[in-house]
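Enquirer: In terms of numbering that gives the first Met the number 0, the sequence shown is residues 0 to 359. Dumping the structure here so I can ask a few things about it.
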Amino acid sequence: MISANPHIRAMAAYQLADLDSARHPTPVSLAENESLRPPSPKAVAAARAALDTAALYPDPNWTALQSALRDTYDTGGATLLCGAGSMELISSIMRSYAGPGRDVLASAYSYAFFRTAALAAGAGYVAAPEEAHRVSVDQLLAHITPATRLLCVANPGNPTGTAIPLAALQRLRANMPDDVLLVVDEAYGEFLDPYQPPALSMVSGGRTIVLRTLSKAYGLAGLRAGWGAFPEEVAREVKKTLNPNNIGSATQAAAAAAIRDQAYMHATRDETVRNRDAFTAALQHAGLSPLSSHTNFVLIPFADSAMARHVDAALQRNGLILRTMAGYGLPHCLRATIGPAKVMTEAARIIAASLKDAPG
Ligand SMILES: *Cc1c(COP(=O)(O)O)cnc(C)c1O
Numbered sequence: 000m001i002s003a004n005p006h007i008r009a010m011a012a013y014q015l016a017d018l019d020s021a022r023h024p025t026p027v028s029l030a031e032n033e034s035l036r037p038p039s040p041k042a043v044a045a046a047r048a049a050l051d052t053a054a055l056y057p058d059p060n061w062t063a064l065q066s067a068l069r070d071t072y073d074t075g076g077a078t079l080l081c082g083a084g085s086m087e088l089i090s091s092i093m094r095s096y097a098g099p100g101r102d103v104l105a106s107a108y109s110y111a112f113f114r115t116a117a118l119a120a121g122a123g124y125v126a127a128p129e130e131a132h133r134v135s136v137d138q139l140l141a142h143i144t145p146a147t148r149l150l151c152v153a154n155p156g157n158p159t160g161t162a163i164p165l166a167a168l169q170r171l172r173a174n175m176p177d178d179v180l181l182v183v184d185e186a187y188g189e190f191l192d193p194y195q196p197p198a199l200s201m202v203s204g205g206r207t208i209v210l211r212t213l214s215k216a217y218g219l220a221g222l223r224a225g226w227g228a229f230p231e232e233v234a235r236e237v238k239k240t241l242n243p244n245n246i247g248s249a250t251q252a253a254a255a256a257a258i259r260d261q262a263y264m265h266a267t268r269d270e271t272v273r274n275r276d277a278f279t280a281a282l283q284h285a286g287l288s289p290l291s292s293h294t295n296f297v298l299i300p301f302a303d304s305a306m307a308r309h310v311d312a313a314l315q316r317n318g319l320i321l322r323t324m325a326g327y328g329l330p331h332c333l334r335a336t337i338g339p340a341k342v343m344t345e346a347a348r349i350i351a352a353s354l355k356d357a358p359g
């Protein structure tokens with residue numbers, strides 16, 4: 000056997016939700032924070048039309064997607080890079096800026112892929128404590144060392160769903176050393192209450208990256224598109240480690256059309272927020288204390304991990320697959336993606352009933 004690089008052998012594989020083990024003929028996934036409805040019909044039509052040119056490599060400069068983004072957002076002087084999902088951008092940022100002796104810092108219950116991408120780049124990964132499941136700017140600042148090169152904040156956070164205000168991010172940036180790059184991952188930014196556009200103003204300082212994705216509010220998780228706003232010099236170095244033909248033509252066309260259909264995205268956002276708030280209220284009525292969410296999912300703490308497993312089993316018997324949280328160090332929690340209203344009513348009903356029939 001040829002052995003892989005030692006740092007790769009030492010790391011765990013990234014864990015996606017386990018949808019195959021569902022013991023139900025027609026399981027419904029509330030496990031991966033996908034959109035509660037299909038993508039904009041305009042995005043689907045654009046993807047279909049693009050199939051005719053599939054013999055050719057895709058546009059390496061993502062021209063149509065970039066102009067849709069620049070027409071929609073105030074991107075200022077930022078350089079935009081697009082990725083096969085924002086996960087690809089995260090990986091490339093790590094490959095370009097982290098590595099042996101060049102650590103990545105994030106907060107305790109942050110996006111698990113930050114760790115995977117950091118370790119794959121051969122970097123050390125450091126987690127700073129949170130306060131009440133919220134990112135703590137003071138804890139992050141306290142955990143910066145001379146080895147820190149990247150600081151990653153998902154805002155709103157996954158799996159917590161909590162958010163910190165732009166002013167807190169600005170205070171973080173202002174107090175970080177100049178040689179540490181800040182990555183603000185706004186995968187759920189469209190769901191912030193109240194609605195806020197991307198925090199692109201932070202990029203002009205030259206040391207901050209802001210990432211967004213088409214996988215959540217735009218409903219294109221299956222096509223793989225994300226984008227980021229970068230300082231020009233940082234973009235140059237990150238682009239070197241991207242796949243030069245990273246986003247397929249059908250995806251680029253769909254993503255551009257989806258960005259141009261802001262009305263459709265806002266309708267998805269509004270429906271999601273409505274269903275989320277009703278689901279949260281139903282859980283509270285059942286005596287639970289779900290975290291206050293700024294995303295399209297809710298993190299639900301239970302009395303202990305046995306109760307979380309009991310509730311999860313009841314949901315699974317009814318074909319509803321939530322995300323278990325042991326891998327995040329939160330074994331007493333389940334994370335529920337917000338789906339259509341009927342599904343969420345059913346989920347809340349099953350959760351409330353299973354609390355009552357719990358053993359012991
Ligand atoms: C879902 C998610 C992403 C998006 O990944 P894609 O590769 O764009 O699908 C990025 N960051 C966080 C925190 C997420 O939860």
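Yeah, the Cβ is synthetic: ideal placement off N, Cα and C, and Gly gets one too.
(1) Name, in chain order, the residues that DSSP records as bridge partners for Ile320.
(2) Mind checking Ser95: buried by the 16 CB within 10 Å criterion, or exposed?
(3) Please list the terminal residues of the continuous beta strand (DSSP E) segment that includes Ala228.
(4) Rounded to a whole number of angstroms, what is the C-alpha to C-alpha distance between Ala12 and Lys341?
(5) Got a sec? Which residues, its chain only, sit under 8 Å from Arg69 by beta carbon, not counting five neighbours each side?
(6) Measuring alpha carbon to alpha carbon, tell me which residue in Ala325, Ala312, Ala256, Asn244 is nearest Ile349.
(7) Take the Cβ of Ile1 as the centre, count every other Cβ of all protein chains shown within 10 Å, and call the residue buried at 16 or more, exposed below.
(8) By how many angstroms is the C-alpha of Tyr217 removed from the C-alpha of Thr267?
(9) Is the Cβ-Cβ distance between Arg211 and Pro197 less than 7 Å?
(10) Leaving out the 5 sequence neighbours to the left and right, which residues in its chain are closer than 7 Å to Ala120 when beta-carbon positions are compared?
(11) Is Leu150 closer than 7 Å to Val179 when the C-beta atoms are compared?
(12) Whole angstroms is fine: what's the gap from Pro59's alpha carbon to Ala262's?
(13) May I ask which residues mark the beginning and end of the beta strand (DSSP E) holding Asp184?
(14) When you compare the segment 42-49 with the segment 182-201, are there three or more beta-carbon pairs, one atom per stretch, that lie closer than 8 Å?
(15) Spatial neighbours of Pro243 within its chain, please: C-beta separation below 6 Å, excluding the five flanking residues on both sides.
(16) Take every Cβ of the segment 329-344, pair it with every Cβ of the segment 292-299, and state whether three or more of those distances are shorter than 8 Å.
(17) If I measure Cβ to Cβ from Thr25 and keep anything under 8 Å in the same chain, skipping five residues before and after, which residues do I get?
(18) Taking 6 Å as the limit between beta carbons, can you name the residues of its chain near Ala116, skipping five residues before and five after?
(19) For Leu18, count neighbouring C-beta atoms within 10 Å of its own C-beta (all shown protein chains included) and say buried if the count is 16 or more, exposed if not.
(20) Residue range of the beta strand (DSSP E) that Arg148 falls in?
(21) Which of helix, strand or coil does DSSP assign to Phe301?
(22) Tell me whether the beta-carbon of Ala257 lies closer than 7 Å to the beta-carbon of Pro38.
(23) For ligand 1, any of its heavy atoms closer than 6 Å to the Cβ of Gly326?
(24) Is Ser292 near ligand 1, going by C-beta to nearest heavy atom under 6 Å?
(25) Hey, quick one: how far does the alpha helix (DSSP H) through Thr207 stretch, first residue to last?
Expert: Per the coordinate set shown:
(1) The sequence position of residue 320 within the sequence shown is 321, counting from 1. BP columns for Ile320 point to Ser28.
(2) For the purposes of this step, residue 95 is taken as the residue at position 96 of the sequence shown. Burial call: buried.
(3) On the sequence shown, residue 228 is found 229 positions in, with the first residue counted as 1. Counting along the chain, the beta strand (DSSP E) containing Ala228 begins and ends at 225-229.
(4) In the sequence shown, counting from the first residue as 1, residue 12 sits at position 13. In the sequence shown, counting from the first residue as 1, residue 341 sits at position 342. When rounded, the distance between both Cα atoms is 35 Å.
(5) What you label residue 69 is simply residue 70 of the sequence shown in a count that begins at 1. Closer than 8 Å at Cβ, skipping near neighbours: Leu79.
(6) Numbered from 1 along the sequence shown, position 350 holds the residue referred to as residue 349. Here the closest residue by C-alpha is Ala312.
(7) By 1-based counting over the sequence shown, the position of residue 1 is 2. Exposed, since its Cβ has fewer than 16 Cβ neighbours within 10 Å.
(8) For this step, residue 267 is matched to residue 268 along the sequence shown. For this step, residue 217 is matched to residue 218 along the sequence shown. The straight-line gap from Cα to Cα measures roughly 8 Å.
(9) Residue numbering aside, residue 211 sits at position 212 when the sequence shown is read from its first letter. Residue numbering aside, residue 197 sits at position 198 when the sequence shown is read from its first letter. Yes.
(10) Counting from 1 along the sequence shown, the entry for residue 120 is found at position 121. Cβ neighbours of Ala120 beyond the five flanking positions: Met93, Arg94, Ala97, Gly98.
(11) Here residue 179 refers to the residue found at position 180 of the sequence shown. Here residue 150 refers to the residue found at position 151 of the sequence shown. Yes.
(12) As a working mapping, residue 59 is identified with position 60 in the sequence shown. As a working mapping, residue 262 is identified with position 263 in the sequence shown. Cα to Cα, Pro59 sits roughly 28 Å from Ala262.
(13) Stepping through the sequence shown from its first residue, residue 184 is reached at position 185. Segment 180-184, the beta strand (DSSP E) holding Asp184.
(14) no
(15) Taking the sequence shown and counting its residues from 1, one reaches residue 243 at position 244. Within the same chain, Pro243 has close Cβ partners Pro59.
(16) yes
(17) Counting from 1 along the sequence shown, the entry for residue 25 is found at position 26. Correct list, in chain order: Gly318.
(18) Position 117 of the sequence shown, counting from 1, holds the residue named residue 116. Closer than 6 Å at the Cβ level, and outside the excluded window around Ala116, lie Ile89, Ser90, Met93.
(19) To locate residue 18, count along the sequence shown from 1; it is residue 19. Answer is exposed; the Cβ neighbour count stays below 16.
(20) The residue given as residue 148 occupies position 149 in the sequence shown. Counting along the chain, the beta strand (DSSP E) containing Arg148 begins and ends at 147-153.
(21) Numbered from its first residue, the sequence shown carries residue 301 at position 302. Here Phe301 sits in coil by DSSP.
(22) Mapped onto the sequence shown, residue 257 falls at position 258. Mapped onto the sequence shown, residue 38 falls at position 39. Yes, Cβ-Cβ distance for Ala257 and Pro38 is below 7 Å.
(23) Position 327 of the sequence shown, counted from the first residue, corresponds to residue 326. Incorrect: Gly326 has no Cβ contact closer than 6 Å to ligand 1.
(24) As a position in the sequence shown, residue 292 is number 293, starting the count at 1. No, since every heavy atom of ligand 1 falls outside the 6 Å radius drawn around the Cβ of Ser292.
(25) The residue labelled residue 207 in the question sits at position 208 within the sequence shown. Looking at the DSSP string, Thr207 is not in any alpha helix (DSSP H); the run it does join, the beta strand (DSSP E), is 207-212.
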